[in-house]
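In the UniProt record's numbering, the protein residues as written are 1 to 358.
Cβ atoms here follow ideal geometry from the backbone N, Cα and C, with glycine treated the same way.
Please read all numbers here as calculations on a predicted model, not as lab measurements.
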Amino acid sequence: MQATHQNRNTADSWITRCPECNTAFRITRGHLQAAKGSVRCGSCLYVFRADQHIVGGSLPEDLIPAPRPSQSVDFPEDDTDDDVLFSVSSEGKSQKDAEESLDLSDDVFAIEQAPKRHFSSNNETPAPQGDDDEAWARAMLDELDLEEEEQAAPEIQKVEPEFSAFDVDEAPAEPEVRHQAPADSLTGLDDDPLDLHYQKKSFLQRAAIPFCCLLLTIGLVAQHIIYNFDNIACTPSLRPLISTLCGVTGCQLPEMKDLSRVSVRNIVVRNEPTYQNAITVDAIISNEAAFPQPYPNLMMVISGVNNNVLGTRLLTPEQYLSGEAAGETDMQPMKPVHLSLNIMSPGPDARNITFDFP
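What follows is the structure in structure tokens.
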């Protein structure tokens with residue numbers, strides 16, 4: 001316990017212990033200089049010299065009070081009165097010390113709340129009956145005591161109540177120092193061995209997590225490709241990669257088709273001179289996409305004066321392709337193809353022929 005208090009001491013604070021109740025508390029340089037080292041215990045209100053009860057250390061030399069010079073009185077050489085004079089001198093000195101402690105306590109520590117069993121007053125001590133020499137020595141000692149009290153009074157009046165922290169109202173609920181059993185007697189605490197040896201992980205253990213993350217990433221990418229295979233395969237920038245992948249796995253690439261990039265224009269209708277009641281329809285079909293795509297089916301729509309539909313006909317690539325384009329399956333990008341169709345005349349009410357993609 002003393003070692004613990006010693007570690008807590010700093011350059012300007014020390015630990016002192018009350019000799020009455022053994023309560024320890026911290027004091028500072030200002031506390032020691034305020035009342036010549038006298039302090040009041042915050043637990044039992046006992047006033048004692050803090051500089052004489054320092055725990056686990058010592059005070060600097062500037063805080064150690066100098067010994068008080070002894071005041072001697074020259075007495076006539078009388079063998080019969082030596083014992084009496086020495087007893088009176090010691091009694092007066094003890095009474096003077098008690099009065100100093102009492103005066104300091106009244107002004108600095110509010111000793112009116114403290115028990116009075118630790119102090120004695122000169123008024124309570126019966127004056128011994130003696131001869132004239134005894135009375136003369138006692139009067140001289142009393143005058144010396146009064147002079148010292150008058151000199152100490154201004155110092156006491158200048159002292160500010162720096163020890164308010166030790167007042168009874170602000171004292172801690174529990175004592176700071178408790179006498180406990182030493183640590184080696186705590187049988188309930190067991191020392192468990194700690195495994196401080198680091199074991200280096202093998203290559204498989206270190207590579208397991210990255211490998212699992214790689215597998216999960218590949219699985220997610222494959223799942224996305226499977227569910228969006230047609231759209232991905234028809235993307236021009238990704239089609240070469242998908243084509244290579246299908247060459248390895250044996251999958252079949254879907255045909256790239258974008259009918260919005262196919263147009264039929266320059267439609268011309270004329271009578272067929274060779275056949276009666278027949279007409280010839282000429283048109284140009286072209287692929288405006290950046291990739292080849294198969295020839296689509298065409299829906300020919302014949303409408304009347306009020307755009308009412310008079311008839312429709314579905315034409316396959318085998319039916320509308322002729323000449324050099326006959327037998328082809330894919331339209332090359334930006335290459336127009338001429339179409340020529342011979343059909344029966346829809347009658348005099350027909351006014352318009354259009355092509356659409358079903």
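Span of the alpha helix (DSSP H), counted from its first residue to its last, around residue i
| i | result |
| --- | --- |
| S340 | Where S340 is concerned, there is no enclosing alpha helix (DSSP H), although the beta strand (DSSP E) it sits in stretches over V337 to M344. |
| S243 | R239 to T249 |
| Y320 | P317 to Y320 |
Residue range of the unbroken beta strand (DSSP E) whose run includes residue i
| i | result |
| --- | --- |
| G219 | G219 -> not in any beta strand (DSSP E); alpha helix (DSSP H) instead, spanning F203 to Y227. |
| L24 | Residue 24 is actually Ala in this sequence, not Leu. Start and end: A24 to T28. |
| L298 | L298 to S303 |
| F355 | N352 to D356 |
| S38 | S38 to R40 |
Of the residues the options, the one placed nearest residue i, counting alpha carbons only
| i | options | result |
| --- | --- | --- |
| T329 | E318, H338 and K335 | E318 |
| L321 | L314, L341 and T312 | L341 |
| L63 | S43, V39 and L32 | L32 |
| L315 | K335, A278 and D356 | D356 |
| M334 | Q293, S345 and Y227 | Q293 |
| M256 | T28, I54, P240 and L245 | P240 |
| A34 | A50, S43, F25 and E20 | A50 |
| E61 | V39, C41, R29 and F48 | R29 |
| N297 | G323, M331, Y275 and V305 | M331 |
| Y295 | V268, G56 and V337 | V337 |
| P348 | P358, V305 and A325 | V305 |
| P236 | A222, I343 and L253 | L253 |
Simplified DSSP state of residue i, which is helix, strand or coil
| i | result |
| --- | --- |
| K257 | coil |
| D282 | strand |
| N271 | strand |
| Q52 | helix |
| I15 | strand |
| D74 | With a pLDDT of 48 at D74, under the threshold of 50, the modelled position of that residue is not reliable, and no figure is offered here. |
| L63 | helix |
| D132 | In this prediction, D132 has a pLDDT of 48, which is less than 50 and means its spatial position is unreliable; nothing more can be read from the coordinates. |
| G347 | coil |
| Q33 | helix |
| G327 | coil |
| T307 | In the sequence on display, residue 307 carries Asn and not Thr. Coil at N307, not helix or strand. |
Below-8 angstroms beta-carbon distance, residue i vs any chain D residue
| i | result |
| --- | --- |
| L238 | Note that chain D does not occur in the displayed structure, where there is just one protein chain. |
Check whether residue i and residue j have beta carbons under 8 angstroms apart
| i | j | result |
| --- | --- | --- |
| R265 | T280 | no |
| I27 | S43 | no |
| N310 | A283 | The amino acid occupying residue 310 in the given sequence is Leu; Asn does not appear at that position. Result no, Cβ atoms of L310 and A283 do not sit closer than 8 angstroms. |
| T354 | V301 | yes |
Q | Three or more C-beta pairs below 8 angstroms linking the segment 248 to 264 and the segment 284 to 291 | A | yes
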